[in-house]
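Undergrad:
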Amino acid sequence: MSIYQVQKLIQSVNRDPQSRERYFEHKEDFVNEFGLSDAEASAISKLDIYALYEMGVHPLLLRPFTIIHGVSEPDYLNAIREGDDSCL
Amino acid sequence: MSVTFACSVSHTPGITAWAEAPPAELKERFYGAYGELRTMLEAAEPEAILIVSSEHFANFFLDCMPAFTLGVAQSYFGPIEPWLKVEQGVTPGEPELAERLLQACYAAGFELNYANELKLDHGTMVPLSFLNPDRKIPVVPLIVNCMTYPLPQLSRCYELGTVIGKALEADPRRVAVVAAGGLSHAPGERMHGQIDTEFDRRFLERLQVGDGEALQSYSDSELEKRGLGTHEIRTWVTVAGINAGRDARVLFYEPIAAWATGCGLVCYE
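In the order they appear, the protein sequences are chains Z and V. The first sequence: position 88 = 221 (the numbering used here), numbered continuously. The second sequence: position 4 = 5 (the numbering used here), numbered continuously.
This is the structure we're talking about:
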């Protein structure tokens, strides 16, 4: 649908404690509120970090979003570098 | 009264959040140089600090992203990051000075956004934790979009600096000016951890010789190649405009791998 809506969801979870609580407790309902495409909703629901990075989520939104999910820095970097060794 | 003190500093969150991560000797030299800046700032006895820093989705989002926003508030809460290891609290603002700067900018053709509410994040609070640790000196934040395209051109940043510099010269207050951001870094990107020391050193050389034209010459793509965080040199270029004609001196520059940033500290003579 719109990368803007994906980023809006992520910003809500990153910055608003109430949204974060709803996201973790009722993820499907929360994600549905943003009108995402199936691919976008799936990337969020599965926390597909590579897909989110590739679709253009800003790194300063994506990295904090993954920190909230307990993703370590090495795991995050491995995920976004999947299939791309040029930056290693 | 002209600018009584000016400096440009890195603000990467690791400086306070992961203070012990770099080799101890390196960290001590960096902290020591920051301490020198604090001593110089205090000796200049400023009545206010204008701090030019970058947005990190703390106040603004893609629904409405201003290029330049001047804080005109009575006070500011920060840092918003509880993990930063900087005590959270309220820093006084300087609305009268901010209003005068705003009017001067409008008169010169810069219709800045202004904000009666701004939260301070690591971009301002890391530098202020060194330079204004007791929060005694009121601040005026100028927040620049260095993050999402389109970005304000470097030439526009420099020109805005010259306008602010003239306004400060005409102001009765003693004002310190701080640029906060950079140098090369790529937070959250595939190239995270890469630091382009050649780029950083060349930028610092240009700053030291006061080559305003060269400082404005970087394209967005040249900066993006060194990481999106490198766009934060816009804050340094703005402050170079404020201090046009003054010599800059590099107190510290090292790539600090543990903080994934080319860390620079510069003062204006």
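A virtual CB, placed ideally from N, CA and C, is assigned to each residue, including glycine. Model, not experiment: these values are computed from the prediction.
Judging by CA-CA distance, which residue of V:Ala258, V:Pro139, V:Trp237 is the nearest neighbour of leucine 161 of chain V?
TA: Translated into positions along the second sequence, residue 161 of chain V becomes position 160. Checking every option, the nearest Cα to that of leucine 161 of chain V belongs to V:Trp237.
Undergrad: Which ranges does the alpha helix (DSSP H) cover as unbroken runs of at least 4 residues, wholly within the segment 74-137 of chain V, from first to last along the chain?
TA: Correct list: 96-108, 123-132.
Undergrad: Name the one or two DSSP bridge partners that isoleucine 52 of chain V has.
TA: Looking up residue 52 of chain V in the second sequence gives position 51. Paired residues: V:Pro142, V:Val179.
Undergrad: Going along chain V, which residues have a C-beta under 8 Å from arginine 196 of chain Z?
TA: By one-based count along the first sequence, residue 196 of chain Z stands at place 63. Within chain V, the residues near arginine 196 of chain Z are Pro188, Gly189.
Undergrad: What residues in the segment 119-152 of chain V have a beta carbon less than 8 Å from any beta carbon of chain Z?
TA: Going along the segment 119-152 of chain V in chain order, one finds Met148, Thr149 with a Cβ nearer than 8 Å to chain Z.
Undergrad: Considering only the alpha carbon of each residue, which of Z:Leu180, Z:Ala174, Z:Gln144 lies closest to valine 204 of chain Z?
TA: Along the first sequence, read from residue 1 onward, the residue named residue 204 of chain Z stands at position 71. The shortest Cα separation from valine 204 of chain Z among Z:Leu180, Z:Ala174, Z:Gln144 belongs to Z:Leu180.
Undergrad: Let me check understanding here. Comparing Cα to Cα, which of V:Asp197, V:Thr125, V:Phe131, V:Asn117 lies closest to glycine 72 of chain V?
TA: The sequence position of residue 72 of chain V within the second sequence is 71, counting from 1. Comparing Cα positions, the closest option is V:Asn117.
Undergrad: Taking only three categories from DSSP, how would you classify tyrosine 35 of chain V?
TA: Counting from 1 along the second sequence, the entry for residue 35 of chain V is found at position 34. Helix at tyrosine 35 of chain V.
Undergrad: Taking Cβ-Cβ distances shorter than 7 Å, what residues in chain Z pair up with phenylalanine 62 of chain V?
TA: The sequence position of residue 62 of chain V within the second sequence is 61, counting from 1. The answer, in chain order, is Gln144.
Undergrad: Quick check: what's the CA-CA separation for proline 300 of chain V versus alanine 59 of chain V?
TA: Within the shown structure, residues of chain V are numbered from 2 to 270, placing residue 300 of chain V beyond reach of any answer.
Undergrad: Please check if any C-beta of chain Z sits within less than 8 Å of the C-beta of leucine 85 of chain V.
TA: Here residue 85 of chain V is taken as the residue at index 84 of the second sequence, counted from 1. Judged by the 8 Å Cβ criterion, leucine 85 of chain V is not in contact with chain Z.
Undergrad: Could you tell me if leucine 221 of chain Z is buried or exposed, where buried requires 16 or more neighbouring beta carbons within 10 angstroms of its beta carbon?
TA: Counted from its first residue, the first sequence places residue 221 of chain Z at position 88. Model confidence at leucine 221 of chain Z stands at a pLDDT of 46, short of 50, so the residue's coordinates are unreliable; what they give is reported in the following sentence. That one is exposed.
Undergrad: How about glutamine 190 of chain Z and alanine 174 of chain Z: are their beta carbons less than 8 Å apart?
TA: Residue mapping note: residue 190 of chain Z aligns to position 57 of the first sequence, counting from 1. Residue mapping note: residue 174 of chain Z aligns to position 41 of the first sequence, counting from 1. Looking at the sequence shown, residue 190 of chain Z is not glutamine but valine. No, the pair does not count as a contact, with Cβ atoms beyond the cut-off.
Undergrad: Of all the residues that make up the segment 165-185 of chain Z, which are near chain V by a beta-carbon distance shorter than 9 Å?
TA: Result list empty, no residue passes.
Undergrad: How is serine 135 of chain Z classed by DSSP in three states: helix, strand or coil?
TA: Counting from one through the first sequence, the residue named residue 135 of chain Z turns up at place 2. Of the three classes helix, strand and coil, the one that applies to serine 135 of chain Z here is coil, per DSSP.
Undergrad: According to the neighbour-count rule (16 or more other Cβ atoms, all chains shown, within 10 Å of its Cβ), is tryptophan 84 of chain V buried or exposed?
TA: Taking the first residue of the second sequence as position 1, residue 84 of chain V is located at position 83. The residue in question, tryptophan 84 of chain V, is exposed, as its Cβ has fewer than 16 Cβ neighbours within 10 Å.
Undergrad: Please specify which runs of the alpha helix (DSSP H), each continuous and at least 4 residues long, are wholly inside the segment 164-216 of chain Z, giving them in chain order.
TA: Fully enclosed alpha helix (DSSP H) runs of 4 or longer: 171-178, 182-187, 192-201, 206-213.
Undergrad: Is threonine 5 of chain V helix, strand or coil when you go by DSSP?
TA: The count along the second sequence starts at 1 and reaches residue 5 of chain V at position 4. It is a strand residue.
Undergrad: In chain order, which continuous runs of the beta strand (DSSP E) of length 3 or greater are located wholly inside the segment 157-228 of chain V?
TA: Taking only runs of at least 3 residues, the beta strand (DSSP E) segments lying wholly in the segment 157-228 of chain V are 176-181.
Undergrad: Checking 8 Å against the spacing of the C-beta atoms, do histidine 193 of chain V and leucine 194 of chain Z come in under that value?
TA: For the purposes of this step, residue 193 of chain V is taken as the residue at position 192 of the second sequence. For the purposes of this step, residue 194 of chain Z is taken as the residue at position 61 of the first sequence. Result no, Cβ atoms of histidine 193 of chain V and leucine 194 of chain Z do not sit closer than 8 Å.
Undergrad: Return helix, strand or coil for glutamate 161 of chain Z, following the three-state DSSP convention.
TA: To locate residue 161 of chain Z, count along the first sequence from 1; it is residue 28. It is helical.
Undergrad: Between the segment 46-53 of chain V and the segment 176-183 of chain V, do three or more beta carbon pairs fall short of 8 Å?
TA: The segment 46-53 of chain V, when compared against the segment 176-183 of chain V, does touch it at the 8 Å Cβ threshold.
Undergrad: Pairs of beta-carbons, one from the segment 147-155 of chain V and one from the segment 157-172 of chain Z, closer than 8 Å: are there three or more?
TA: Output reads no: the segment 157-172 of chain Z does not touch the segment 147-155 of chain V.
Undergrad: Tell me whether aspartate 171 of chain Z is buried or exposed, calling it buried when 16 or more other Cβ atoms sit within 10 Å of its Cβ.
TA: For the purposes of this step, residue 171 of chain Z is taken as residue 38 along the first sequence, with counting starting at 1. Flag for aspartate 171 of chain Z reads exposed.
Undergrad: Quick one: grab the DSSP three-state call for cysteine 220 of chain Z.
TA: By 1-based counting over the first sequence, the position of residue 220 of chain Z is 87. Interpretation of cysteine 220 of chain Z is limited by its pLDDT of 49, a score under 50 that renders its predicted location unreliable; the figure taken from the coordinates is listed afterwards. It is coil, neither helix nor strand.
Undergrad: Does the Cβ-Cβ distance between leucine 1 of chain V and alanine 34 of chain V come in under 8 Å?
TA: No statement about residue 1 of chain V is possible, as the shown extent of chain V runs from 2 to 270 and does not include it.
Undergrad: Taking Cβ positions only, does cysteine 220 of chain Z come closer than 8 Å to chain V?
TA: As a position in the first sequence, residue 220 of chain Z is number 87, starting the count at 1. Low local confidence applies: a pLDDT of 49 at cysteine 220 of chain Z is under 50, so the model's placement there is unreliable, with the coordinate-based value given in what follows. Judged by the 8 Å Cβ criterion, cysteine 220 of chain Z is in contact with chain V.
Undergrad: Compare the Cα-Cα distances from phenylalanine 6 of chain V to each of V:Gln75, V:Gly213, V:Arg247 and report the closest residue.
TA: Within the second sequence, numbered from 1, the residue matching residue 6 of chain V stands at position 5. Closest option to phenylalanine 6 of chain V, Cα to Cα, is V:Arg247.
Undergrad: Just how far apart, CA to CA, sit glutamate 154 of chain Z and serine 11 of chain V?
TA: Here residue 154 of chain Z refers to the residue found at position 21 when the first sequence is read from its first residue. Here residue 11 of chain V refers to the residue found at position 10 when the second sequence is read from its first residue. Roughly 34 Å between the two C-alpha positions.
Undergrad: Candidates V:Leu252, V:Pro24, V:Ser3: which alpha carbon is nearest alanine 45 of chain V's?
TA: Working through the second sequence from its first residue, we reach residue 45 of chain V at position 44. That would be V:Ser3, whose Cα lies nearest to the Cα of alanine 45 of chain V.
Undergrad: If we cut at 8 Å on Cβ distances, does proline 93 of chain Z have a partner in chain V?
TA: Absent from the model: residue 93 of chain Z. The displayed extent of chain Z is 134 to 221, so no value can be given.
Undergrad: The beta strand (DSSP E) that contains arginine 250 of chain V, what's its start and end?
TA: In the second sequence, the residue the question calls residue 250 of chain V occupies position 249. Unbroken beta strand (DSSP E) run through arginine 250 of chain V: 249-257.
Undergrad: Roughly how many angstroms lie between the CA atoms of glycine 166 of chain V and leucine 102 of chain V, to the nearest whole one?
TA: As a working note, residue 166 of chain V is residue 165 in the second sequence. As a working note, residue 102 of chain V is residue 101 in the second sequence. Looking at the two C-alpha atoms, the distance is approximately 10 Å.
Undergrad: Which same chain residues, not among the five before or five after isoleucine 143 of chain Z, have their C-beta less than 6 Å away from its C-beta?
TA: Numbered from 1 along the first sequence, position 10 holds the residue referred to as residue 143 of chain Z. Excluding positions up to five away in sequence, the list reads Leu194, Phe198.
Undergrad: From the DSSP output, in three-state form, read off leucine 63 of chain V for me.
TA: Working through the second sequence from its first residue, we reach residue 63 of chain V at position 62. In this structure, leucine 63 of chain V counts as coil in the three-state DSSP scheme.
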